[in-house]
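Taking it in order: structure first as structure tokens, then the write-up.
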Amino acid sequence: MHMGRANSNSGSETPKIQADGSSSSSVIKSPLQLVIGCKVFVEKDGEIRQAEILSIRNAQQRSRVQHTSEESRPTLDNVDEEKQVFEFYVHYVEFNKRLDEWITDSRLNLSKPVEFPKSKKIKTGAGPGGAATPTPNRLQKRKQSQRRDASLSRAGTPSRADSPAPTETTIQHDDSAYTAPRQGSNGYSKEKEIEKLRTQGSMTQCTSEVARMKNLNLIYMGEFEVEPWYFSPYPAELTNSPVLYICEFCLAYFGSKKQIERHRQRYCDLLYPPGNEIYRKDEISFFEIDGRRQKSYCRNLCLLSKCFLDHKTLYYDVDPFLFYILTKNDDHGCHIIGYFSKEKESAENYNLACILTLPQYQRHGYGRLLMQFSYELSKIEGRLGSPEKPLSDLGLLGYRAFWSEAIVDLLVDYHGEISIEELSKMTSFTTQDILHALSSLDGIRYYKGRHAIVLSEAVLEAYKRSKAKKRRSIDPKYLKWAPPIFTQAELRYI
Ligand code: ACO
Ligand code: ZN
Numbered sequence: 001m002h003m004g005r006a007n008s009n010s011g012s013e014t015p016k017i018q019a020d021g022s023s024s025s026s027v028i029k030s031p032l033q034l035v036i037g038c039k040v041f042v043e044k045d046g047e048i049r050q051a052e053i054l055s056i057r058n059a060q061q062r063s064r065v066q067h068t069s070e071e072s073r074p075t076l077d078n079v080d081e082e083k084q085v086f087e088f089y090v091h092y093v094e095f096n097k098r099l100d101e102w103i104t105d106s107r108l109n110l111s112k113p114v115e116f117p118k119s120k121k122i123k124t125g126a127g128p129g130g131a132a133t134p135t136p137n138r139l140q141k142r143k144q145s146q147r148r149d150a151s152l153s154r155a156g157t158p159s160r161a162d163s164p165a166p167t168e169t170t171i172q173h174d175d176s177a178y179t180a181p182r183q184g185s186n187g188y189s190k191e192k193e194i195e196k197l198r199t200q201g202s203m204t205q206c207t208s209e210v211a212r213m214k215n216l217n218l219i220y221m222g223e224f225e226v227e228p229w230y231f232s233p234y235p236a237e238l239t240n241s242p243v244l245y246i247c248e249f250c251l252a253y254f255g256s257k258k259q260i261e262r263h264r265q266r267y268c269d270l271l272y273p274p275g276n277e278i279y280r281k282d283e284i285s286f287f288e289i290d291g292r293r294q295k296s297y298c299r300n301l302c303l304l305s306k307c308f309l310d311h312k313t314l315y316y317d318v319d320p321f322l323f324y325i326l327t328k329n330d331d332h333g334c335h336i337i338g339y340f341s342k343e344k345e346s347a348e349n350y351n352l353a354c355i356l357t358l359p360q361y362q363r364h365g366y367g368r369l370l371m372q373f374s375y376e377l378s379k380i381e382g383r384l385g386s387p388e389k390p391l392s393d394l395g396l397l398g399y400r401a402f403w404s405e406a407i408v409d410l411l412v413d414y415h416g417e418i419s420i421e422e423l424s425k426m427t428s429f430t431t432q433d434i435l436h437a438l439s440s441l442d443g444i445r446y447y448k449g450r451h452a453i454v455l456s457e458a459v460l461e462a463y464k465r466s467k468a469k470k471r472r473s474i475d476p477k478y479l480k481w482a483p484p485i486f487t488q489a490e491l492r493y494i
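Counting in full-length UniProt numbering, the sequence shown runs from 1 upward without gaps.
This is the structure we're talking about:
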């Protein structure tokens with residue numbers, strides 16, 4: 001897109017803000033009139049979607065960042081202003097933030113009205129419409145909250161509207177206790193968050209304090225090339241590199257291939273995560289790592305994890321956590337597939353704080369394996385467990401699939417009566433999670449004066465199809481673990 005810079009005499013006027021400060025909508029003639037905060041219609045995968053503009057950049061600026069060594073590339077100083085090319089970083093309204101992206105003006109649909117932001121959100125500075133480009137925050141102090149991922153992805157995502165309509169004979173299926181509160185809810189209290197962070201180490205997110213834009217282009221890790229989904233507070237000088245190189249064993253990060261090769265040749269001979277291997281069967285292992293003892297590894301893991309987990313994570317305060325790393329092993333080492341973290345002491349009896357399957361391994365049953373492992377630990381502890389809330393959209397899908405399958409697995413071969421409490425004892429799932437899973441299957445009916453669990457033909461069919469996939473599962477015989485015991489001094493973190 002070629003356009004002149006927007007300024008007072010460019011002829012492109014920003015529509016007026018209403019006197020009451022509310023947003024205004026109008027059809028505009030030129031993308032030059034767009035400012036940060038505008039909601040505009042954009043073509044996405046053949047459909048027109050409303051999207052909010054989070055940033056505007058000059059494409060020459062980008063090429064300068066990515067090609068610093070090539071002198072022939074244009075720089076802002078030598079570019080003809082009339083030929084500046086602008087790009088827009090957009091967030092699709094009501095879609096998960098991981099779909100956010102840079103687009104050119106060819107994807108803007110300006111025949112539909114543009115919603116302009118409230119007056120206080122309009123910023124001045126460079127770029128079309130005079131809007132300043134926000135820069136992502138650097139690594140924050142550990143007590144700083146991060147933005148929650150308010151919008152759930154739509155594709156395949158559970159929403160209240162998708163849930164079975166509640167009737168007198170079904171228990172209402174309510175996700176609100178499970179997922180992050182929607183953007184704009186006013187339940188946020190900074191004090192509460194900080195206290196929660198201090199005591200639990202993970203964060204729900206505050207919209208006002210967060211970098212909303214992805215800051216990394218691409219990650220190379222082992223043999224994989226991965227596109228990050230969300231902002232992660234890696235050092236700013238590295239986020240300017242086209243690629244971030246991550247050592248797949250110690251998770252240290254580098255801005256160039258040369259640096260990571262040097263790291264592997266001279267400084268890092270690690271071939272597995274730096275902890276105790278507590279499970280090994282076939283080519284799968286689990287390693288337990290104490291955040292207090294392996295701070296650097298665990299912080300690196302949290303930084304990596306933040307690229308794919310937006311609604312909560314911790315970066316710095318890793319001491320109160322144990323990390324369970326799932327690896328796939330071959331002659332070249334134990335390669336990380338995913339992990340979950342767990343508080344050493346959880347006031348709410350959570351058995352898992354954060355869970356991640358690296359994107360290159362997702363949808364292969366590893367999420368289920370991690371979840372199952374967390375419950376096997378709970379069984380050894382003699383406790384019920386539940387993942388820390390809120391869950392992300394994928395977390396909710398994953399847990400619901402896992403809980404439902406495990407419950408149906410028990411019920412199909414069960415004869416006689418069984419209570420929710422008995423199911424809970426057998427699985428280590430909380431009764432609340434069991435009820436949630438059964439409700440999602442529309443599996444609780446009121447029949448002849450009592451509640452009954454009913455598995456419909458459709459549920460049984462889906463169960464059979466899922467079982468036919470023959471996924472790996474944890475074999476408790478191979479788990480060599482006793483709950484670690486910490487002294488009061490070891491549990492004092494601040
Ligand atoms: N769309 C629809 N359904 C999905 C999707 C998806 N993208 N991903 C998982 N599911 C459901 C499916 O039912 C799937 O079963 P199927 O593949 O047989 O259809 C089931 O979840 C489990 O799939 P797995 O392959 O076992 O899980 P995976 O390895 O993909 O890991 C996880 C799931 C951990 C949630 C992963 O998506 C992830 O790491 N996401 C990013 C981080 C995140 O959001 N973590 C959860 C945060 S909540 C918390 O930490 C407490
Ligand atoms: Zn290394």
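All C-beta atoms in this analysis are idealised placements derived from N, C-alpha and C, irrespective of residue type, glycine included.
Among the candidates 417, 357 and 345, whose CA atom is the shortest distance from the CA of residue 399?
Considering only 417, 357 and 345, the residue with the shortest C-alpha distance to residue 399 is 357.
Determine whether the beta carbon atoms of residue 53 and residue 86 lie at a separation below 8 Å.
no
Going by the C-beta, is residue 368 closer than 7 Å to any heavy atom of the ligand NAD?
With respect to the ligand NAD, the structure shown offers nothing to examine, as its ligands consist of the ligand ACO and the ligand ZN.
CA-to-CA distance, residue 326 to residue 98, given in whole angstroms:
C-alpha separation (whole angstroms): 24 Å.
Starting from the N-terminal end, write out each residue whose C-beta falls within a distance shorter than 6 Å of any non-hydrogen atom of the ligand ZN.
247, 249, 250, 252, 263, 268 and 270
Simplified DSSP state of residue 28, which is helix, strand or coil
For residue 28, the secondary structure class from DSSP, reduced to helix, strand or coil, is coil.
Please tell me whether residue 220 and residue 303 are closer than 8 Å, where the distance is taken between their beta carbons.
no
Find the nearest neighbour of residue 237 within the set 474, 253, 285 and 58, judged by alpha-carbon distance.
That would be 253, whose Cα lies nearest to the Cα of residue 237.
Check whether the stretch 98-115 touches the stretch 45-59, taking contact to mean three or more Cβ pairs, one atom from each stretch, closer than 8 Å.
yes
Going straight from the alpha carbon of residue 39 to that of residue 475, what length do you get?
51 Å
Cβ of residue 108 within 8 Å of Cβ of residue 42?
yes
Using three-state DSSP, classify residue 266 as helix, strand or coil.
Here residue 266 sits in helix by DSSP.
Tell me where the beta strand (DSSP E) around residue 451 begins and ends.
450-453
Sort 257, 295 and 332 by Cα distance to residue 323 and report the nearest one.
Residue 295 holds the alpha-carbon nearest to the alpha-carbon of residue 323 among 257, 295 and 332.
Is residue 216 near residue 307, with beta carbons less than 8 Å apart?
By the CB criterion at 8 Å, residue 216 and residue 307 fall inside the cutoff.
Contact set for residue 263: own chain, Cβ-Cβ below 7 Å, skip 5 residues either direction:
Here the set comprises 247, 252 and 254.
Compare the Cα-Cα distances from residue 242 to each of 448, 214 and 441 and report the closest residue.
214
Scan the stretch 337-400 and note each continuous beta strand (DSSP E) run of 3 residues or more that stays entirely inside, going in chain order.
350-352 and 355-357
Is residue 69 helix, strand or coil when you go by DSSP?
Residue confidence is low: residue 69 scores 38 on pLDDT, short of 50, so the model does not pin down where it sits. No coordinate-derived value is stated.
Under 8 Å, do residue 375 and residue 349 count as touching if we go by C-beta distance?
no
At a cut-off of 7 Å, is residue 234 close to the ligand ACO when judged by its beta-carbon and the heavy atoms of the ligand?
Checking every heavy atom of the ligand ACO against the Cβ of residue 234, none is found closer than 7 Å.
If you follow the beta strand (DSSP E) that residue 490 is part of, which residue opens it and which one closes it?
Counting along the chain, residue 490 falls outside any beta strand (DSSP E), and DSSP gives it neither H nor E.
Closest to residue 96 by CA distance: which of 266, 309 and 328 is it?
309
Just the C-alpha distance for residue 471 and residue 32, rounded to the nearest angstrom, thanks.
Approximately 53 Å between the Cα atoms of the pair.
Roughly how many angstroms lie between the CA atoms of residue 300 and residue 401, to the nearest whole one?
29 Å
Do residue 342 and residue 321 have their CB atoms nearer than 8 Å?
yes
What beta strand (DSSP E) runs, 3 residues minimum, are completely inside the stretch 420-454?
444-447 and 450-453
Below 6 Å CB to CB, which residues in the same chain sit around residue 367 once its five sequence neighbours on both sides are set aside?
357 and 398
To the nearest angstrom, report how far apart residue 482 and residue 100 are at their CA atoms.
Distance between the alpha carbons of residue 482 and residue 100 is about 43 Å.
Grouping DSSP H, G and I as helix and E and B as strand, with all else coil, what is residue 39?
strand
Could you give the C-beta distance for residue 245 and residue 260, rounded to a whole number, given that I count them as a contact under 8 Å?
4 Å between Cβ atoms; contact.
Between residue 479 and residue 102, what straight-line distance do the alpha-carbon atoms span, to the nearest angstrom?
46 Å
In the structure shown, what three-state DSSP assignment does residue 331 receive?
coil
Pick from 266, 409, 270 and 37: whose alpha carbon is nearest that of residue 460?
409
What residue range does the beta strand (DSSP E) around residue 285 cover?
Where residue 285 is concerned, the enclosing beta strand (DSSP E) starts and stops at 284-290.
Give the straight-line distance between the Cα atoms of residue 370 and residue 431, rounded to the nearest whole angstrom.
20 Å
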